[in-house]
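Quick note: the sequence shown uses the numbering used here, first residue 4, plus one each step. Each residue gets a CB set at the ideal place from its N, CA and C atoms; glycine is no exception. Read the structure below first, then the notes.
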Amino acid sequence: MQKNGEDICCIGAGYVSGPTMAVVALKCPDIEVAVVDISVPRINAWNSDQLPIYEPGLDEVVKQCRGKNLFFSTDVDKLVRAFEACGRRFLGSEDFIC
4 MQKNGEDICC
14 IGAGYVSGPT
24 MAVVALKCPD
34 IEVAVVDISV
44 PRINAWNSDQ
54 LPIYEPGLDE
64 VVKQCRGKNL
74 FFSTDVDKLV
84 RAFEACGRRF
94 LGSEDFIC
């Protein structure tokens, strides 16, 4: 993770946060985006060629960014501690409710 204060850690890799964070990573290549979830099958799917949800074009967005500035992990505690130590931003599903 970079330590520029602009990186994002999103807690929850569901139907809203996963695609949203993928687009953030695509549109903001200088921002490192970590998506964490306690569901091993869900994170494994995000890290595979079989994404856990379908949205037109999402697979290409994820493939373009994953491993560069978009990361999916089940290590919630480690990433939360790392982000807290640097004062970086956290997002959860409730942040996307209008």
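Quick one: what's residue i bridged to in DSSP?
| i | result |
| --- | --- |
| Arg69 | Leu73 |
| Val117 | With the chain covering 4 to 101 only, the question about residue 117 has no answer from this structure. |
By the DSSP assignment, the alpha helix (DSSP H) with residue i in it spans what residues?
| i | result |
| --- | --- |
| Leu29 | Ser20 to Lys30 |
What do you reckon, are the CB atoms on residue i and residue j nearer than 8 angstroms?
| i | j | result |
| --- | --- | --- |
| Phe74 | Ala37 | yes |
| Trp49 | Gly21 | yes |
| Val26 | Val64 | yes |
| Ile11 | Ile34 | yes |
| Ile14 | Val39 | yes |
| Gln53 | Leu29 | no |
Let me know if residue i comes out buried or exposed under the rule of 16 or more other beta-carbons within 10 Å of its beta-carbon.
| i | result |
| --- | --- |
| Glu9 | exposed |
| Val43 | exposed |
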